[in-house]
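**Q** With this note's numbering, the residue at position 16 of the sequence shown is 18, and numbering never jumps.
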Amino acid sequence: MLTAVADGVLVHRSALLQNNTVVVVGAEGVLVVDPGLTAAEMRCLADDLRPFGPVAAGFATHPDWDHVLWHPVLGDAPRYGTAAAAAFLEEFRSHTDWRERAREALPPEIAEDVPLEPFGLITGLPPGTARLPWQGPGVRMLEHSAHAVGHAALVVATCRVLIGGDMLSDLFVPMPDIAGAGDPVADYLAGLRVLEDVAGEVDVFVPGHGSVCDAVGLRERIARDRAYMVALRDGGPFDDPRIGDAVPPGWEWVGDLHAAQVAAYARRREGTPGES
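1. DSSP state of GLY28, grouped into three classes?
2. Within 10 Å of its beta-carbon, does GLU145 have 16 or more other beta-carbons around it, so buried, or fewer, so exposed?
3. Rounded to whole angstroms, how far is the Cβ of ARG45 from the Cβ of HIS73, which I believe are closer than 8 Å?
4. On the CB-based measure, 16 or more other CB atoms within 10 Å of its CB, does GLU43 come out buried or exposed?
5. So what does DSSP say about GLY140, is it helix, strand or coil?
6. Classify GLU111 as helix, strand or coil using the three-state DSSP reduction.
7. Nearest CA to the CA of PRO203: which residue from ALA154, ASP227, ARG142 and MET169?
8. Does DSSP put PHE121 in a helix, in a strand, or in coil?
9. Return the CA-CA distance between LEU191 and ARG228, expressed in angstroms with no decimal places.
10. Nearest to ASP78 by CA position, among VAL57, VAL70, THR98 and TRP67, is which residue?
11. Which first and last residues belong to the beta strand (DSSP E) in which PHE61 is found?
12. Go through its chain and collect everything with a Cβ distance to ARG162's Cβ below 6 Å, but skip five positions before and after it.
13. Going straight from the alpha carbon of GLU92 to that of PRO243, what length do you get?
14. From the DSSP output, read off the bridge partner residues of PHE207.
15. Quick check on DSSP: helix, strand or coil for GLU254?
16. Just the Cα atoms here: how many angstroms apart are ALA113 and ASP68?
17. Spatial neighbours of VAL32 within its chain, please: C-beta separation below 7 Å, excluding the five flanking residues on both sides.
18. Which stretch, first to last residue, makes up the alpha helix (DSSP H) that contains GLY184?
19. DSSP three-state call for SER278: helix, strand or coil?
20. Hey, would you say VAL249 sits closer than 7 Å to VAL7, going by beta carbons?
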């Protein structure tokens, strides 16, 4: 089911990981950002989109599996992402066993209901691209490396909406690229500054996972995630509701994710041979 969060911007939320698919309505069709997760959900999304016209374009905020999905019922519109994200996905799909590797990354409860043939087929936009190439409301792309290679946020200026990808969730703690980045904390803090720089231009924030919030909530989330990253860098302490006693039922496993990140960053900080 689509829920309006601003004039011309709607959200479809997936059940399992609370992924938010964002739809921007234009005069001649819609932009679909991060569709997912299952085939059933995407068929539902396609049905809900019919009153708004065809899918004119797609966008993947970053190359994680749950943000690069697609389904034939959404049509064959161009699907965009950053150049870095597209290169990452092209290399991934170049392996003969890419389907098996992608399937292994899926949660087992939905593994058989996630369409893989269109997985990761995005066109990279040149570095420095300021505006998405589609005929709807102006959408500005903000690239950074906080969570993953080629991550981007989108600003729908006329609607005053910020689409954040896997940043500033009220469910997940920040997830820096500890294994791949040269300085994951610095990259993440830089990404938070990118979002903070546009906070005054938006009234609505849509994260990749979790609940939508207003401008006040956006600034609160930026401050909370900055505090988490500084604590990760410095070895604690952590004071975060996403890993405390107030965690919603069913999301306790985020505490395990947090513990793994703390251990991994401690090894990185100490320079343990063979580990990162």
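The beta carbon of each residue, even a glycine, is placed where N, CA and C say it ideally should be. All values reported here derive from a predicted model rather than from experimental measurement.
**A** Taking the definition as stated:
1. For this step, residue 28 is matched to residue 26 along the sequence shown. Strand, per DSSP.
2. For the purposes of this step, residue 145 is taken as the residue at position 143 of the sequence shown. Result: buried.
3. As a first step, residue 45 is located in the sequence shown; it is residue number 43 there, counting from the start. As a first step, residue 73 is located in the sequence shown; it is residue number 71 there, counting from the start. Right, their Cβ atoms sit about 7 Å apart.
4. Sequence index remark: in the sequence shown, residue 43 carries index 41 (1-based). GLU43 is buried by the Cβ-count criterion.
5. Position 138 of the sequence shown holds residue 140. The answer is coil: DSSP assigns GLY140 none of H, G, I, E or B.
6. Working through the sequence shown from its first residue, we reach residue 111 at position 109. In this structure, GLU111 counts as coil in the three-state DSSP scheme.
7. As a working note, residue 203 is residue 201 in the sequence shown. The amino acid at residue 203 is misidentified as Pro; the sequence shows Glu. For the options ALA154, ASP227, ARG142 and MET169, the alpha carbon positioned closest to that of GLU203 is the one of ARG142.
8. Residue mapping note: residue 121 aligns to position 119 of the sequence shown, counting from 1. Coil, per DSSP.
9. As a first step, residue 191 must be located in the sequence shown, where it is residue number 189. As a first step, residue 228 must be located in the sequence shown, where it is residue number 226. So the alpha carbons of these two residues sit roughly 7 Å apart.
10. Along the sequence shown, read from residue 1 onward, the residue named residue 78 stands at position 76. Nearest option by C-alpha distance: VAL57.
11. For the purposes of this step, residue 61 is taken as residue 59 along the sequence shown, with counting starting at 1. Taken as a continuous stretch (DSSP letters only), the beta strand (DSSP E) holding PHE61 covers 57-61.
12. Here the question's residue 162 lines up with position 160 in the sequence shown. In the same chain as ARG162, and ignoring 5 residues on each side of it, the C-beta atoms closer than 6 Å to its own belong to VAL204 and ASP205, in chain order.
13. Counted from its first residue, the sequence shown places residue 92 at position 90. Counted from its first residue, the sequence shown places residue 243 at position 241. Distance between the alpha carbons of GLU92 and PRO243 is about 37 Å.
14. Numbered from 1 along the sequence shown, position 205 holds the residue referred to as residue 207. Answer is LEU164 and CYS215, bridged to PHE207.
15. Translated into the one-based positions of the sequence shown, residue 254 becomes position 252. Correct three-state label for GLU254: coil.
16. For the purposes of this step, residue 113 is taken as residue 111 along the sequence shown, with counting starting at 1. For the purposes of this step, residue 68 is taken as residue 66 along the sequence shown, with counting starting at 1. The alpha-carbon atoms of ALA113 and ASP68 are separated by roughly 12 Å.
17. The residue labelled residue 32 in the question sits at position 30 within the sequence shown. Cβ neighbours of VAL32 beyond the five flanking positions: VAL25, VAL26, LEU51, PHE54, GLY55, VAL57 and ALA58.
18. Taking the sequence shown and counting its residues from 1, one reaches residue 184 at position 182. Counting along the chain, GLY184 falls outside any alpha helix (DSSP H), and DSSP gives it neither H nor E.
19. Within the sequence shown, residue 278 is the residue found at index 276, counting from 1. In this predicted model, SER278 has a pLDDT of only 32, less than 50, meaning its place in the structure is not dependable; the value taken from the coordinates is given anyway. Coil, per DSSP.
20. Locating residue 249 in the sequence shown gives position 247, counting from the first residue. Locating residue 7 in the sequence shown gives position 5, counting from the first residue. No. Outside cutoff.
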